[in-house]
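One structure is given below, encoded as structure tokens.
Number of protein chains: 2
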Amino acid sequence: MTEDTATPPDRDLGELFARITQQLIAAERPILERHGLQMWPYVVLASLERRPASTQLQLATQIGYDKTRLIAILDDLGAAGLIERRPDPTDRRARIVSLTDAGRARLRAVRADIRVMEAGYLEGLSEAQARGLRRVLARLAGPR
Amino acid sequence: MTEDTATPPDRDLGELFARITQQLIAAERPILERHGLQMWPYVVLASLERRPASTQLQLATQIGYDKTRLIAILDDLGAAGLIERRPDPTDRRARIVSLTDAGRARLRAVRADIRVMEAGYLEGLSEAQARGLRRVLARLAGPR
DNA sequence: TATTGTTATACTCTATAACTATA
DNA sequence: TATAGTTATAGAGTATAACAATA
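Which chain is which? The protein sequence lines are Y and Z, in order. Okay, so the first sequence: first residue is 559 according to the numbering used here, each after it adds one. Okay, so the second sequence: first residue is 559 according to the numbering used here, each after it adds one.
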């Protein structure tokens, strides 16, 4: 017998993950708003930190977003001085997107607040549980 | 020192959960499709299993969905013979929704396939890790 | 001929308001 | 007057197609 008969019928993994995701997004929204950002613009900044100097198409596929919708976001971020777009010297069709110093600073500030929120969200867990959770999540989510 | 200096900079919890949720939804979609269901209709059936004989409004709030959009879903599920709506004897404005035998059977069949998919998804984890993950997820997601 | 960034268009999904019948 | 279910309408979000410049 490898089954534990004492456990209640499991909930769908999808339901559990979806609910938690929803909670986290709801918790992040006011933080982002306080820093003058929305979800996808923040995702763009975070992606550019990991891979500086991406082309717009690379950026779009990296964050799983549409290249046409990305444009308005980049326009806004550019107008706010958080990113800049330069023509790619090796391919004059492409534009290379990169963080400005202001963009990096903004990202750091937002992330600090999000870290505080996350710590509160995981408050009920032990240190070992929280570490184990992060390890498992990173593994399931895949590289990057 | 309570910090582990060897760990890389953490990714946002929201990003990790969102990616995994996305993967699970993508994995569930073809399963549901094979059984002639979509995401929200399936959620409705699952919710009705937990709380039979809900009123439409209770159902909507339970699954976090809009009561107006729920109607079309209930129409479809009713036409497919998976649920039935009867007037509430104590309040003739309300309609009580419940699973039919066919609905229960469909739900069981879909869930069995989803359980197989989930087992495969967690394949890389040890038994203890998988159990620990479910426990933590259930705790974070909250009751129900 | 194919690709990058862009714009324009159509479509879907979601939110809001309004209606009916009951309470 | 308020509420459950319903319908209709408006808005946001998303997907698709087409275009100019370059490869």
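Ideal Cβ positions, reconstructed from N, Cα and C, are used throughout, including at glycine. None of these values were measured; they are calculated from a predicted model.
Less than 8 Å between CB atoms is the rule here; does Leu-665(Y) satisfy it with respect to chain Z? no
Under 7 Å, CB to CB, which of the residues in the stretch 583–597 of chain Y have a partner in chain Z? Ile-583, Glu-586
Tell me the residue span of the alpha helix (DSSP H) that contains Pro-645(Y). First-last for Pro-645(Y): 641–646, but that is the beta strand (DSSP E), not the alpha helix (DSSP H).
Taking only the alpha-carbon atoms, compute the straight-line gap between Arg-669(Y) and Ser-684(Z) and give it to the nearest angstrom. 32 Å
Would you say Gln-687(Y) faces chain Z, with C-beta separation under 8 Å as the test? yes
In chain Z, which residues lie less than 9 Å from Ile-672(Y) when you measure between Cβ atoms? Asp-570, Leu-571, Gly-572
For Ser-684(Z), the three-state DSSP class (helix, strand or coil): coil
If we define contact as Cβ-Cβ less than 8 Å, is Val-602(Z) a contact residue for chain Y? no
Quick one: does Arg-653(Z) have its CB under 8 Å from some CB of chain Y? no
Does DSSP put Asp-568(Z) in a helix, a strand or coil? coil
Are the Cβ atoms of Arg-569(Y) and Ala-584(Z) separated by less than 8 Å? no
I need the straight-line Cα distance from Leu-615(Y) to Gly-661(Y), nearest angstrom please. 20 Å
Give me the DSSP bridge partner(s) of Asp-649(Y). Asp-646(Y)
Helix, strand or coil, according to DSSP, for Thr-613(Z) in the structure here? strand
Beta-carbon separation of Ile-631(Z) and Leu-657(Z) under 8 Å? no
Pairing CB atoms from the stretch 572–580 of chain Z with CB atoms from the stretch 570–578 of chain Y, are three or more of them under 8 Å? yes
Figure out for me which residue from Asp-646(Y), Gln-596(Y), Arg-608(Y), Arg-650(Y) has the closest Cα to the Cα of Leu-628(Y). Gln-596(Y)
Which of the three DSSP states, helix, strand or coil, is assigned to Leu-657(Y)? strand
Out of Glu-681(Z), Leu-680(Z), Gly-690(Z), Glu-676(Z), state which residue places its alpha-carbon closest to the alpha-carbon of Ile-589(Z). Glu-676(Z)
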